[in-house]
Each structure stands twice: as structure tokens, then as C-alpha cells.
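Report on the structure given below.
There are 4 protein chains.
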Amino acid sequence: MSETTTLDTQAADWWQTEIIDMRPGEIRYHGYPIEQLIGRVGFAEMVWLMTRGELPSNAQAALLEATLVGAVDHGPQAPSIAIARMAMTCGGSLNNAMASAINVLDDIHGGAGEQAIELYRAIEGRLQEGGTLPQVVAQGLEAWRAEHGKIVPGFGHRFHPVDPRAPRLLALVDDAAERGEVSGTYAGIAREIERQLQAKKGKPIPLNIDGATAVIHAELGFPAPLARGLFCLSRSVGILAHAWEQQCQGGRNKGPMPKGWLWDYRGQVSRNVSNG
Amino acid sequence: MSETTTLDTQAADWWQTEIIDMRPGEIRYHGYPIEQLIGRVGFAEMVWLMTRGELPSNAQAALLEATLVGAVDHGPQAPSIAIARMAMTCGGSLNNAMASAINVLDDIHGGAGEQAIELYRAIEGRLQEGGTLPQVVAQGLEAWRAEHGKIVPGFGHRFHPVDPRAPRLLALVDDAAERGEVSGTYAGIAREIERQLQAKKGKPIPLNIDGATAVIHAELGFPAPLARGLFCLSRSVGILAHAWEQQCQGGRNKGPMPKGWLWDYRGQVSRNVSNG
Amino acid sequence: MSETTTLDTQAADWWQTEIIDMRPGEIRYHGYPIEQLIGRVGFAEMVWLMTRGELPSNAQAALLEATLVGAVDHGPQAPSIAIARMAMTCGGSLNNAMASAINVLDDIHGGAGEQAIELYRAIEGRLQEGGTLPQVVAQGLEAWRAEHGKIVPGFGHRFHPVDPRAPRLLALVDDAAERGEVSGTYAGIAREIERQLQAKKGKPIPLNIDGATAVIHAELGFPAPLARGLFCLSRSVGILAHAWEQQCQGGRNKGPMPKGWLWDYRGQVSRNVSNG
Amino acid sequence: MSETTTLDTQAADWWQTEIIDMRPGEIRYHGYPIEQLIGRVGFAEMVWLMTRGELPSNAQAALLEATLVGAVDHGPQAPSIAIARMAMTCGGSLNNAMASAINVLDDIHGGAGEQAIELYRAIEGRLQEGGTLPQVVAQGLEAWRAEHGKIVPGFGHRFHPVDPRAPRLLALVDDAAERGEVSGTYAGIAREIERQLQAKKGKPIPLNIDGATAVIHAELGFPAPLARGLFCLSRSVGILAHAWEQQCQGGRNKGPMPKGWLWDYRGQVSRNVSNG
Chain H
1 MSETTTLDTQ AADWWQTEII DMRPGEIRYH GYPIEQLIGR VGFAEMVWLM
51 TRGELPSNAQ AALLEATLVG AVDHGPQAPS IAIARMAMTC GGSLNNAMAS
101 AINVLDDIHG GAGEQAIELY RAIEGRLQEG GTLPQVVAQG LEAWRAEHGK
151 IVPGFGHRFH PVDPRAPRLL ALVDDAAERG EVSGTYAGIA REIERQLQAK
201 KGKPIPLNID GATAVIHAEL GFPAPLARGL FCLSRSVGIL AHAWEQQCQG
251 GRNKGPMPKG WLWDYRGQVS RNVSNG
Chain P
1 MSETTTLDTQ AADWWQTEII DMRPGEIRYH GYPIEQLIGR VGFAEMVWLM
51 TRGELPSNAQ AALLEATLVG AVDHGPQAPS IAIARMAMTC GGSLNNAMAS
101 AINVLDDIHG GAGEQAIELY RAIEGRLQEG GTLPQVVAQG LEAWRAEHGK
151 IVPGFGHRFH PVDPRAPRLL ALVDDAAERG EVSGTYAGIA REIERQLQAK
201 KGKPIPLNID GATAVIHAEL GFPAPLARGL FCLSRSVGIL AHAWEQQCQG
251 GRNKGPMPKG WLWDYRGQVS RNVSNG
Chain L
1 MSETTTLDTQ AADWWQTEII DMRPGEIRYH GYPIEQLIGR VGFAEMVWLM
51 TRGELPSNAQ AALLEATLVG AVDHGPQAPS IAIARMAMTC GGSLNNAMAS
101 AINVLDDIHG GAGEQAIELY RAIEGRLQEG GTLPQVVAQG LEAWRAEHGK
151 IVPGFGHRFH PVDPRAPRLL ALVDDAAERG EVSGTYAGIA REIERQLQAK
201 KGKPIPLNID GATAVIHAEL GFPAPLARGL FCLSRSVGIL AHAWEQQCQG
251 GRNKGPMPKG WLWDYRGQVS RNVSNG
Chain B
1 MSETTTLDTQ AADWWQTEII DMRPGEIRYH GYPIEQLIGR VGFAEMVWLM
51 TRGELPSNAQ AALLEATLVG AVDHGPQAPS IAIARMAMTC GGSLNNAMAS
101 AINVLDDIHG GAGEQAIELY RAIEGRLQEG GTLPQVVAQG LEAWRAEHGK
151 IVPGFGHRFH PVDPRAPRLL ALVDDAAERG EVSGTYAGIA REIERQLQAK
201 KGKPIPLNID GATAVIHAEL GFPAPLARGL FCLSRSVGIL AHAWEQQCQG
251 GRNKGPMPKG WLWDYRGQVS RNVSNG
């Protein structure tokens with residue numbers, strides 16, 4: 001009997017969560033009954049509550065919402081969007097297409113925001129130890145490059161000379177900082193990085209969507225890995241929209257390039273299997 | 001040269017979209033520049049714009065937002081949430097855990113809303129051809145069962161006697177109908193289905209979260225398959241929150257049940273591979 | 001205490017399997033100890049044992065193996081292969097790329113074999129009730145088209161006039177039938193379908209890889225849905241090979257078409273968000 | 001016109017592969033026509049050809065095949081298997097369940113083989129520079145722990161005192177080494193690691209399935225990341241078998257633990273949303 005008791009205790013403890021409490025007829029998230037949340041808090045506020053444990057202020061919710069709106073889509077040349085569209089022509093449902101697409105929002109495609117926060121926070125830590133902004137940014141960039149290579153996450157874009165989303169997001173941070181709602185520290189760090197990159201390269205390497213959302217997420221206190229999750233939530237909207245549009249367009253087994261285009265074969269010439 | 005021209009034309013046409021237009025420095029969704037949308041429209045409005053092509057009214061946005069808030073999470077006994085948590089203990093990133101979890105929001109786990117809209121719309125079609133609400137609901141239910149079996153999507157819950165999300169969502173529809181913002185037709189259909197199910201079974205089989213969100217999505221004019229996509233967007237929030245909480249808790253290769261619990265083996269007794 | 005006992009019993013029964021039995025230091029699949037299987041049975045035989053519960057004869061294993069070899073790859077124009085390659089440029093690992101790709105082997109991309117078995121079995125059922133092969137095939141095709149539309153699964157190819165895999169696989173079935181190892185019934189059904197399609201269309205609509213593997217899987221007694229699973233196992237090899245080759249080639253965020261190629265935008269003209 | 005030519009060239013070069021060459025009616029993998037491979041080479045040989053570019057010797061194929069057979073399944077307590085089974089109760093198809101499950105074969109669940117090869121190869125590199133086996137293994141383990149922490153990949157098992165798959169796989173390597181088919185170097189390294197771990201811990205930390213397959217993959221010259229891919233191919237068989245068995249058993253929305261078992265809630269007490 002004591003073994004039974006032990007096992008029961010283990011089982012009750014196997015899954016632990018601070019997020020949701022449930023009884024028949026009752027659902028609470030971080031203590032709040034669902035029927036009080038529905039119709040009273042917005043979707044972005046719900047994202048905050050679920051990931052942070054408390055409801056945000058209006059100012060916090062507005063900034064988070066701006067980042068969720070900002071990253072929804074970058075068109076069918078983005079791997080995530082192309083995958084969603086191809087997936088829908090293979091016969092699955094919207095959830096399947098969304099899964100195949102969200103899955104690739106990894107280190108390179110969706111992880112720049114997470115990395116940018118790490119970079120900003122490392123610089124912010126140096127700031128707190130003293131030193132001027134230009135000094136600590138220079139040190140922070142050097143340290144980043146030494147560990148991670150030459151790509152500075154959150155800056156530069158292969159398509160946009162200036163990413164139209166970044167200045168708008170930064171302006172929202174400036175406004176909030178002026179109202180005392182956020183510190184503005186990370187906006188300052190990002191601008192100094194931008195300045196030093198331009199000085200180094202001799203041409204602008206401006207803040208992009210990942211670097212700009214990272215400024216906001218850092219200002220709002222999100223742990224870096226969650227930035228990737230927030231990007232997934234945002235981009236899911238574009239993924240869904242494109243998957244659905246593709247379904248309406250039809251198509252069966254749609255490949256990446258037009259029919260009649262194949263690929264460049266660079267391998268072995270024709271040969272026969274020997275009769276071993 | 002004419003072949004080249006043809007191929008170019010094909011290539012330019014291979015991916016077609018009404019969703020996003022892009023030029024260096026410019027991104028527009030359904031015509032609206034991204035920098036005008038950021039900070040001015042909410043995340044739920046962006047979901048509407050991307051999937052429907054126009055910005056919603058405030059009333060429409062509020063109802064859609066209520067459904068997105070309502071379905072975020074049902075705890076670690078839901079396959080999607082358990083999968084997200086297990087996935088995070090296997091070494092991948094948040095995007096990977098989200099993908100494995102969202103992938104299972106399929107016909108049975110996430111598809112009830114889509115099916116409920118189909119049922120409501122079929123009944124609404126009969127209404128337009130004449131007949132009283134009780135008559136056409138009875139006919140609609142009979143037709144549904146004949147084609148799909150005995151489960152009526154959107155009604156009944158194996159855990160909640162009354163799903164606390166459903167009456168709240170329905171009350172929002174009632175309020176909107178009173179203000180003339182929606183028709184209220186689908187709320188009426190859902191309530192009549194509920195009444196007839198109770199009469200048939202001799203006990204309440206009340207509207208659940210899927211049936212209630214389906215009422216709203218149907219009132220708002222969403223095509224049925226998109227309801228599944230909207231559910232994926234909503235549940236992604238809970239999936240992300242649980243994946244992140246699990247990552248913070250740690251754990252390696254976490255199985256579904258406590259260590260020391262295995263499974264019930266019901267197969268062949270021990271045997272030897274013969275030396276064939 | 002009685003409640004505890006009940007719960008324990010439930011827990012022990014929650015996961016049930018005939019596939020694997022395990023004790024500390026012991027692993028058995030369908031009764032066979034793993035250490036006897038390793039080095040003595042082949043990978044294709046293991047696939048059979050795990051999905052069917054018994055070890056196959058050599059003849060059965062050889063036919064199954066031919067289907068697993070036959071469907072490994074169809075190049076980067078196949079959505080599954082393109083997805084695997086794009087995924088690898090987004091920063092995840094091989095398992096992630098394989099998941100995104102295997103996920104799309106759904107009804108249209110990977111499900112034709114499953115459907116072809118259903119078609120063959122329906123015809124075989126009619127054969128057992130009497131009637132000549134031409135008669136029952138004609139009836140079977142008519143019934144299929146009435147329920148599923150004009151596409152006959154397993155026949156015709158948009159790229160290959162004759163799919164080089166199909167005649168080879170069919171020849172293996174003929175050889176096995178001559179040796180009395182399989183019935184040959186399904187090969188006969190497939191050939192008669194091919195003949196009737198050609199007569200109807202006035203041009204060859206020859207058996208393709210899906211139709212040919214379906215002949216073998218039907219001869220071997222596999223349930224139709226497992227044919228899709230076997231296709232996934234086979235195509236996984238090509239998916240892995242291409243994902244790995246892409247990783248060796250490098251590339252970051254590789255889109256479906258060359259840089260500088262976008263898409264055809266067909267949506268709303270530029271417009272401003274009104275100040276609502 | 002020159003721009004057109006350039007774009008065409010880019011397009012033809014966008015997807016490059018040495019794996020597959022295709023023309024209407026022809027498919028060749030690394031130069032070999034598919035119709036010569038089908039029926040003549042086994043599935044494991046095909047895995048080798050696709051990932052390595054050449055057909056293996058019989059000895060090489062046999063060792064690779066042993067590893068593919070060895071890792072197929074570890075039962076429903078493994079996250080991958082539990083996920084596959086839960087997924088099938090949510091309404092998707094076998095390919096979807098396989099995708100959600102294979103996706104979690106990541107660093108911790110499926111990546112130990114890859115890491116073990118890296119460890120073995122680092123030690124082998126030290127061997128070539130001189131020093132006795134015990135010396136370089138001690139140095140290699142120290143270096144590994146300094147960089148990666150205390151877990152030595154490929155050794156120890158939380159369930160099996162001795163993993164029954166490991167000695168069997170190692171015996172096959174010994175036999176092959178005796179016949180001069182492989183060097184046996186990596187088997188020696190693995191055994192010395194095992195000896196030193198036992199000496200350090202005062203109890204056996206024996207080679208497990210990941211460490212044993214890594215010995216073979218290292219002997220056969222596979223790049224370390226491919227070991228993860230090979231594990232995915234192998235485990236896919238068990239994933240498919242369990243997904244299919246679950247589909248035959250039925251079940252809807254099957255959670256990880258029995259109905260009536262929830263989770264341990266450790267969060268905020270009940271509270272109300274303030275009327276902000």
C-alpha cells in the first residue's frame with residue numbers, strides 16, 4: 001500500500017504548472033477566471049498574461065501588440081511562407097501547414113530577435129558597470145563577434161535598404177520612454193549599434209524588424225528565448241493567411257519553381273549497378 | 001528566345017498573392033503600408049485583415065478577439081499541451097515544440113469549430129428555404145448524423161458539465177446582436193441544437209468552446225476551414241506558455257507518465273528468432 | 001483506498017501495446033529479444049515485424065524492400081524535398097527538417113498509394129463475387145470516380161511518360177507470382193486499369209510509383225493506411241539526403257526561387273489606414 | 001534581354017544537387033538508374049548510397065543495417081512514441097503523427113549519437129598525435145566535460161542496467177574488425193571510456209544504444225550530424241508502428257495520463273480581473 005501511495009504522489013506531481021488551474025466548470029489562468037478575461041482583455045494582453053503571469057499595463061500591452069502586428073508576413077520568398085503554401089497543396093489541413101512552417105522559424109529564420117536581446121542585454125550589463133554608451137557598445141560588439149562571428153543579429157536586410165517596420169517600432173519606444181512607460185535604454189543601445197556599424201562598414205546597416213522588436217521585448221523585460229516564441233505567434237498569422245489563400249487558389253503538389261524548371265545536377269555521370 | 005520569355009512569365013506567375021506587396025523599403029498588406037498598421041491596429045484586427053482582406057469594424061474585431069482569448073489553453077492533459085511540454089525536454093527550441101503541438105490540432109482536437117460552422121451553415125441554409133427553427137434544426141441534426149455519425153461537433157464536454165467559456169462568448173454575441181452588429185442567427189441555431197440535444201439525451205449536452213467560437217466565426221462570416229486556423233492561433237499562446245514553463249522547469253526526455261510507470265504489454269510471449 | 005486502487009489500474013492500462021515489452025536489461029519486439037534481431041534480420045524485415053507482428057518470409061521481405069528502395073526521392077521540385085532543403089537553411093537540425101518535410105506527405109503528395117490499395121481491394125472484392133476482370137475493373141473505376149472524382153490514384157505522371165520505377169516493381173511481382181509467393185491478382189487488376197484508362201483517354205496513363213508500390217503492398221496484405229506510412233519511411237531517406245546536402249552547401253533563409261524573384265501581387269492598390 | 005539571360009541562369013542554378021538526375025522516363029541516384037537499384041540493393045544500402053554517394057560493401061551495409069534495426073523503438077514512455085500515439089487520436093494521418101514525433105528527436109532525445117561521434121573523433125584525433133589510449137581518453141573526457149558539462153553522451157541508461165542492444169552491436173564491430181572490414185579503433189575508444197567512467201563513478205555506466213551505434217557510424221565514416229538522421233530513420237519505424245497501433249485501438253484526444261488525473265497546480269490563487 002505504501003508503494004501505491006508513493007506512485008500516486010508521483011503521478012500527481014508529474015505535470016506541474018503555474019499557468020492553468022481547472023475544475024469541472026472552472027478554468028483559471030494565473031488565477032483569473034476565463035469568463036472574466038473573455039471580452040475584457042485583448043489577445044496581446046492574453047499573450048502577456050500566459051507567458052509572464054500577470055496582466056500588463058495598457059502601455060506594455062500596446063508595445064507588445066505593435067511587435068505582434070509588425071512581424072506577421074514577409075511574402076512567399078520567406079521559407080516559412082513558401083513552405084506553408086506548398087504544404088497546403090499536398091493535401092493536409094491548415095494546422096499541418098502551419099506546423100511545417102512554424103517549425104522552420106529557427107535560429108536563422110526566426111531566432112535573430114532572441115539573439116539581439118542577448119546582445120542588447122550584454123551591453124546593458126556593461127553599461128551598469130560604468131563606461132559610456134559608445135565604449136560599451138564597441139566592447140559588446142567585439143565580444144559578440146568573437147563568440148558568434150561577423151553577423152550582428154537584428155541589423156541589415158538583404159532586401160530592404162531601410163526596413164520600414166523598424167523606425168516605426170522605434171518611434172513607439174521613444175514615445176513610451178518620453179511618457180516614462182519604458183526606460184528607452186535599449187532603443188539607445190540599438191541606435192548606437194547602428195551608428196557604429198555604419199561607421200565600420202562605410203554604409204548603413206540599419207536596424208531591421210528583428211532588431212526593433214528585440215528593443216521592445218528587452219524594454220518590456222521578456223526573457224530572450226521568448227522573443228522567438230513571440231515571433232512565432234506573429235508570423236503564424238501570415239503563415240495562416242498564405243496557407244488559406246493557397247488552398248483557395250488550388251494546386252496539387254506545388255513545387256518551389258514553375259513546372260518545367262528542374263535543378264542543376266552536378267553529380268556522377270550515368271553508371272550501372274555491377275552484378276556483385 | 002521565345003522559350004525564355006515564356007519561362008520568365010511562368011516564373012513571375014508561379015507564386016501569386018493578394019496579401020502582400022513588397023518593394024525595397026516598402027511592405028503593404030492588402031494595400032496598407034506596414035508602418036501605418038503598427039501601433040494603430042490591434043493583433044486581432046491584423047488577423048482579420050490578413051485572412052479577410054479588409055480591416056474589421058470595432059465590433060467585429062472585439063468578437064474575433066474574444067474567440068482568440070477564449071481558446072488559449074486547456075492544460076497538460078490536452079494532447080497539444082502535453083506534446084509541447086515533452087518536446088521541450090528533448091532539446092529543440094520553442095518553434096519546434098510549437099510545431100509538434102500545433103500539428104495535432106487536427107479534425108478531432110482542433111477541428112470541431114470548423115465542423116460546427118458547417119453544421120450551423122447547413123441549418124441556416126434550410127432556414128432560408130423556410131420552416132421553423134425547431135424543424136430545420138431537427139432536420140439539420142438528422143442530416144449531420146446520417147453523414148458524420150453520432151457526435152455533434154461543438155456540444156458536450158468530457159470534463160466540464162458547463163464549459164465556462166461558452167455562455168460568456170454567447171453573451172457577447174447577444175449583446176452585439178442587440179446593438180445590430182451581428183444577426184444573432186447562429187446563436188439562435190446553437191441554442192436550439194442545445195435544447196434538442198438535451199431533449200433527446202435526457203441530460204444537458206451544453207455548447208462547448210468549439211461550438212461557441214463557431215457561433216461567433218459564423219456570425220462574422222469566416223469560411224469554416226479558417227475556424228481551425230483561428231483556433232491554432234489561439235491555442236498557440238497556451239502551447240508557447242507551457243513549452244516555456246517546461247523549459248524553465250528543466251527535465252530531459254520527459255515521458256507522459258511518471259518514471260517507473262510503463263505500459264500494459266499485451267503481445268506475444270517471449271520467443272526466439274529461428275535460425276532460418 | 002479503493003479509489004487509489006482504481007486509479008492505479010487505470011494508469012497501468014492507459015498505454016497498451018502489443019509491440020514492445022521491456023524490463024531492465026530486456027527489450028522484446030513482438031516477443032523477439034532485440035539482441036537476436038540485430039545482425040540477423042534486415043531493416044525491411046524489421047519494418048514488417050514492427051507493423052505486422054510477425055517476421056516475413058524472405059520473399060515477402062524482398063518485395064517490401066523493393067518498394068522501400070523505389071520511392072526514396074523525386075528531386076527538389078517535389079514539395080517534400082524542397083521543404084527539407086529550405087528548412088535546413090533556417091537553422092534547425094536534421095530531425096526538424098525531416099519533420100517539416102514528412103508532414104506534407106499527405107493525401108495528395110504521399111497518399112496515392114493508400115488510395116490505390118483501396119481501389120484495388122474494392123475491385124478484388126467485386127472479383128470474388130464473380131464477373132470477369134474487365135467487367136469488375138470497369139465497375140470499380142466507375143464507382144471510384146462517382147465517389148472521388150476523375151483522378152484515378154496510382155496512374156499517370158505529370159513528368160514521366162512512363163515512370164521507370166513501375167514496370168520494374170511489377171516485374172518483381174510477376175516473378176514472385178510465378179514462384180507462387182504472391183497471388184498476382186493485384187498486378188492483374190492494375191494492368192487492366194491501365195488498359196481501360198488508355199482506351200478511355202486515347203493515350204497511355206501508365207501505372208506510376210504509387211500504383212506500383214500499392215500493387216505490392218496489396219499483394220503482401222498491408223492495410224491501406226500503412227501504405228502511406230511505408231511511403232513516409234521510404235521518402236525519409238531522400239529527405240534526409242537532401243537536407244544534409246543542403247547543410248553542406250550552406251545558405252541562409254533560402255527561398256523557393258532565386259534572389260531577386262518575387263511574386264505576382266494581385267491585390268488591393270496602395271491605400272491608407274483611415275484615422276478611425 | 002541580358003537581364004533575362006542572367007535570371008534564367010540563376011534559376012537553373014538555384015537548386016543544385018549531386019543526388020538525383022532526372023529526365024522524362026529516367027531517374028538516377030548518384031548515377032545509378034532506379035530500375036537497376038530496385039530489387040538488387042537493400043533498403044540499408046539505399047540509405048548509404050543516398051547519404052554517401054556510393055554503394056557500400058556488403059560488410060559496410062551489414063553494420064549500418066544493424067544500427068538501423070537496433071534503435072527502432074523504446075516504448076510509449078519515450079516522448080517520441082508517446083507523441084506519435086497521442087497525435088493519432090487527434091484526427092490527423094500517419095504522416096502527421098510521424099512528423100510531430102520525429103521532430104522531437106533533437107539534441108537530448110536523438111542527438112546523443114551525434115555527440116558521441118564527436119567525442120570519439122576528438123579522442124581519435126588525440127590518438128593520432130601520440131599517447132596511450134588511457135591517456136587520450138582521459139584527456140578527451142576532461143575536455144568534453146569542460147565544454148559540455150558532466151553528461152558523457154552514449155553512456156549510462158536510466159532504465160537498463162546494461163542496454164541489451166549495446167553489447168550485441170559492439171560484438172558485430174569486433175567480428176568485422178577481426179575480418180579486417182573496419183578498424184575497431186572506435187570500439188576500443190568506447191570500451192576505454194566505459195572503463196574510466198566505471199572507475200570514476202564506482203559503478204558501471206555502460207555503453208548504451210546511442211554510444212554503440214555511434215561506434216559503428218564512426219567506424220563507417222559517417223559525419224557526426226548524419227548519425228542523428230540515421231537515428232531518425234530507425235526510430236521512424238517504431239513511431240509508425242505505434243501510431244498505427246493507436247489508430248487501430250481508437251481513442252479521441254488521448255492525453256498523457258489516465259482520465260481523471262490532472263496536474264499539480266502551483267500558481268496564483270483565484271483572483272478577479274479588476275475593472276481597469
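So the sequence lines, in the order shown, correspond to chains H, P, L and B. For the first sequence, the UniProt record's numbering assigns the number 1 to the initial residue and increments by one for each residue that follows. For the second sequence, the UniProt record's numbering assigns the number 1 to the initial residue and increments by one for each residue that follows. For the third sequence, the UniProt record's numbering assigns the number 1 to the initial residue and increments by one for each residue that follows. For the fourth sequence, the UniProt record's numbering assigns the number 1 to the initial residue and increments by one for each residue that follows. Beta carbons: idealized from backbone N, C-alpha and C, even for Gly. Bear in mind that the values here come from a model prediction, so they are computed numbers and not experimental data.
Check each candidate in the options and name the one with the smallest Cα separation from residue i.
{"i": "G238/H", "options": "P79/H, I117/H, E124/H and I205/H", "result": "P79/H"}
{"i": "L230/H", "options": "G149/H, K200/H, R121/H and F43/H", "result": "F43/H"}
{"i": "E118/H", "options": "A227/H, V269/H and P258/H", "result": "A227/H"}
{"i": "I102/B", "options": "A87/B, G156/B and I216/B", "result": "A87/B"}
{"i": "I20/H", "options": "D13/H, P33/H and W14/H", "result": "P33/H"}
{"i": "L49/H", "options": "I189/P, P258/P and E245/P", "result": "E245/P"}
{"i": "T67/P", "options": "Q135/P, W261/P, P153/P and I209/P", "result": "I209/P"}
{"i": "V182/H", "options": "L170/H, A143/H, L220/H and E142/H", "result": "L220/H"}
{"i": "A187/P", "options": "I81/P, G39/P, A61/P and G211/P", "result": "G211/P"}
{"i": "P76/H", "options": "G184/L, S270/L, K259/L and G92/L", "result": "K259/L"}
{"i": "G53/B", "options": "Q268/H, S274/H and L207/H", "result": "Q268/H"}
For a test of the three-state rule: what should DSSP assign to residue i, helix, strand or coil?
{"i": "T132/B", "result": "coil"}
{"i": "D264/P", "result": "strand"}
{"i": "F222/H", "result": "coil"}
{"i": "F231/P", "result": "helix"}
{"i": "F159/H", "result": "coil"}
{"i": "Q196/L", "result": "helix"}
{"i": "Q77/B", "result": "coil"}
{"i": "L207/H", "result": "strand"}
{"i": "T51/P", "result": "helix"}
{"i": "T17/L", "result": "strand"}
{"i": "A146/L", "result": "helix"}
{"i": "N253/P", "result": "coil"}
{"i": "R40/L", "result": "coil"}
{"i": "I126/H", "result": "Reading the sequence as shown, one finds Arg at residue 126/H and not Ile. The answer is helix: DSSP assigns R126/H an H, G or I state."}
{"i": "G113/L", "result": "helix"}
Could you tell me the boundaries of the beta strand (DSSP E) in which residue i lies?
{"i": "E26/L", "result": "E26 to Y29"}
{"i": "I20/B", "result": "I20 to R23"}
In terms of residue numbering, what span does the alpha helix (DSSP H) encompassing residue i cover?
{"i": "R165/H", "result": "R165 to E178"}
{"i": "N101/L", "result": "In the sequence under discussion, the amino acid at residue 101/L is Ala, which differs from the Asn named in the question. Counting along the chain, the alpha helix (DSSP H) containing A101/L begins and ends at L94 to I102."}
{"i": "I34/H", "result": "I34 to L37"}
{"i": "residue 282/H", "result": "This structure does not reach residue 282/H, given that chain H is present from 1 up to 276, and the question cannot be answered."}
Could you round the C-beta distance between residue i and residue j to whole angstroms and report it? I think they count as a contact, below 8 angstroms.
{"i": "L240/L", "j": "L233/B", "result": "7 angstroms"}
{"i": "A122/B", "j": "G140/B", "result": "5 angstroms"}
Looking at the ligand FAD, does it come within less than 7 angstroms of residue i, judged from the CB to the closest heavy atom?
{"i": "Q246/P", "result": "In the structure on display, the ligand FAD does not appear, and there are no ligands present to speak of."}
Short-range partners of chain H found in the stretch 74–87 of chain L, where Cβ spacing is below 8 angstroms: G75, P76, Q77, A78, P79, S80, A82, I83, M86 and A87
Interfacial residues, the stretch 215–226 of chain H to chain P, with Cβ spacing under 7 angstroms: P225 and L226
Residues from the stretch 242–276 of chain H in contact with chain C, defined by Cβ distance under 7 angstroms: Absent from the structure: chain C. Protein chains present are H, P, L and B.
Near-chain B residues of the stretch 113–141 of chain L - C-beta to any C-beta below 8 angstroms: none
Where the stretch 27–55 of chain B meets chain H: residues whose CB sits under 8 angstroms from a CB there: R28, H30, G31, Y32, P33, Q36, L37, R40, V41, G53 and L55
Near-chain H residues of the stretch 100–113 of chain P - C-beta to any C-beta below 9 angstroms: S100, A101, I102, N103, V104, L105, D106, D107, H109, G110 and G111
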